[in-house]
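Everything on this sheet refers to the single structure shown next.
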Amino acid sequence: MNSASVPQGMDLANRRAWQTADAVHRFRQEGWTDPGEAAAVSLVAPEARGAPILDIGVGAGRTVPLLTAISQDYTAVDYTPALVALCRQRHPTRRILHMDARDLSAFADAAFGLVVFSYNGIDAVGYDDRMTVLREVNRVLRPGGLFVVSTHNRTGPGFGERPLSWFRFTPNPLRMGWRVLNAVRSLPDVVHYLHNRRLHYDGPGYSVRTAAAHHFGIVIVYATMQEQERELAETGFQCEAVFSNDDGRRLAEGEDLSGTWWFHFVARKTASPAAGA
Numbered sequence: 003m004n005s006a007s008v009p010q011g012m013d014l015a016n017r018r019a020w021q022t023a024d025a026v027h028r029f030r031q032e033g034w035t036d037p038g039e040a041a042a043v044s045l046v047a048p049e050a051r052g053a054p055i056l057d058i059g060v061g062a063g064r065t066v067p068l069l070t071a072i073s074q075d076y077t078a079v080d081y082t083p084a085l086v087a088l089c090r091q092r093h094p095t096r097r098i099l100h101m102d103a104r105d106l107s108a109f110a111d112a113a114f115g116l117v118v119f120s121y122n123g124i125d126a127v128g129y130d131d132r133m134t135v136l137r138e139v140n141r142v143l144r145p146g147g148l149f150v151v152s153t154h155n156r157t158g159p160g161f162g163e164r165p166l167s168w169f170r171f172t173p174n175p176l177r178m179g180w181r182v183l184n185a186v187r188s189l190p191d192v193v194h195y196l197h198n199r200r201l202h203y204d205g206p207g208y209s210v211r212t213a214a215a216h217h218f219g220i221v222i223v224y225a226t227m228q229e230q231e232r233e234l235a236e237t238g239f240q241c242e243a244v245f246s247n248d249d250g251r252r253l254a255e256g257e258d259l260s261g262t263w264w265f266h267f268v269a270r271k272t273a274s275p276a277a278g279a
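Using the working numbering, read the sequence shown as starting at 3 and increasing by one per residue.
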């Protein structure tokens, strides 16, 4: 498969994975995904208090109470019908829309003071579509508005995960039997991985790989911290802070990032991208 067809393949694989019963169950979780998310939202909360908020990729509604604690002027979108239905059921008084982040044309320019795209949702689309999302977010943000977005780390421990990587031979028959049994149970992971491997692709500063989540059923973008900062700058944002998911610390250029699974970026709209860029 050539690189031009990767985005369509990613879309098909990821949309299929998000709508499984297992995925819907997982998206029912409550609270912060990790300390880094809590730190990023805490940083923007004082400035965003009372401002219109757009919550992209709301899923089953995990972020609804977290963000409505900042502002009651709240709108959420997701492109998975099953998750939108569940979110509306759980939060019937909130404005929850079925919408793709690549097309936010239903919203006027400068409609929001804060946009949040959490849980690495932007990683589920190909590079060109990723840039489209960033330009759309920029458009709907007010001048000086804030954007919180997370993305997987290409230099982190999650990059290049493979099914059965834990499998090792042991002369102990009981342990070996247990490992074989678990390997058989993992066969769906192997099938998904082998099917999605054709979508793997490397670009400058980023890569597309199958991820272990959802039984290796999703294909996502992994980016370096520098690449994500570059993408933000190209689409009219200034990066103000980056937080590590594992312990919520604020990251600095040049430090060891090998233990960080994903990043949380806080960025500010400073300009509008050039037309057609």
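Glycine residues also receive a C-beta, built at the ideal position from the N, C-alpha and C atoms. Quantities reported herein were computed from a predicted structural model and do not represent experimental measurements.
Among the residues of its own chain, which have a CB less than 8 Å from the CB of residue 111, if the five just before and after it don't count? 141 and 142
Just mark residue 230 as buried or exposed, buried being the case when its beta carbon has 16 or more other beta carbons within 10 Å. buried
Since residue 12 contacts residue 128 with CB under 8 Å, what's their CB separation in whole angstroms? 6 Å
Would residue 273 be called buried (16 or more neighbouring beta carbons within 10 Å of its own) or exposed? exposed
With a threshold of 16 other CB atoms inside 10 Å of the CB of residue 27, please say whether the residue is buried or exposed. exposed
Under the three-state DSSP convention, the category residue 83 falls into: helix
Under the three-state reduction of DSSP, which class applies to residue 206: helix, strand or coil? coil
Classify residue 51: buried if its beta carbon has 16 or more other beta carbons within 10 angstroms, exposed otherwise. exposed
Quick one: residues in its chain with C-beta nearer than 6 Å to the C-beta of residue 269, no 5 flanking neighbours on either side, listed in chain order? 149, 234, 239 and 241
Assuming the contact rule is C-beta atoms closer than 8 Å, residue 84 and residue 66 should be a hit. Round their C-beta distance to whole Å, please. Rounded, the Cβ-Cβ distance is 17 Å, inconsistent with contact.
By the 10 Å Cβ neighbour count, where 16 or more other Cβ atoms means buried, how is residue 64 classified, buried or exposed? buried
Please name the residue in 196, 40, 72 and 87 whose C-alpha comes closest to that of residue 54. 72
Spatially closest choice to residue 287 from 153, 257 and 90, by CA coordinates: It is not possible to answer for residue 287, since the shown part of the chain is limited to 3 through 279.
Residue of 219, 139, 245 and 258 minimising C-alpha distance to residue 113: Looking at 219, 139, 245 and 258, the one whose alpha-carbon comes closest to that of residue 113 is 139.
How about residue 119 and residue 59: do their beta carbons lie closer than 8 Å? yes
Using the DSSP secondary-structure output, state which residues sit across from residue 284 in a beta bridge. Since the first residue of the chain shown is 3 and the last is 279, residue 284 is not available in this structure.
Distance CB(residue 216)-CB(residue 23) smaller than 8 Å: no
Would you mind reading off the limits of the beta strand (DSSP E) that contains residue 99? Its beta strand (DSSP E) spans residues 97 to 100.
Assuming residue 70 contacts residue 21 under a Cβ cut-off of 8 Å, what Cβ separation, rounded to an integer in Å, is found between them? Residue 70 to residue 21, Cβ: 26 Å. No contact.
Bridge partner(s) assigned by DSSP for residue 155: 225
Would you kindly check if the distance between the Cβ of residue 147 and the Cβ of residue 115 is under 8 Å? Pairing residue 115 with residue 147 gives a Cβ-Cβ distance under 8 Å.
Identity of the residues DSSP links to residue 76 by a beta bridge: 55
Return helix, strand or coil for residue 179, following the three-state DSSP convention. helix
Mapping the DSSP letters down to three states, classify residue 127 as helix, strand or coil. coil
Go through its chain and collect everything with a Cβ distance to residue 4's Cβ below 6 Å, but skip five positions before and after it. With a pLDDT of 44 at residue 4, under the threshold of 50, the predicted position of this residue should be treated as unreliable, though the coordinate-derived value follows. Result list for residue 4: empty, nothing under 6 Å.
Residues near residue 104 by beta carbon distance below 8 Å, same chain, minus five either side: 127, 131, 134, 135 and 138
Specify the secondary structure class of residue 3 as computed by DSSP and reduced to three states. Note on residue 3: pLDDT 46, under 50, position unreliable in the model; no value is reported.
Pull up the DSSP beta-bridge partners for residue 161, would you. Answer is none; residue 161 lacks a bridge partner.
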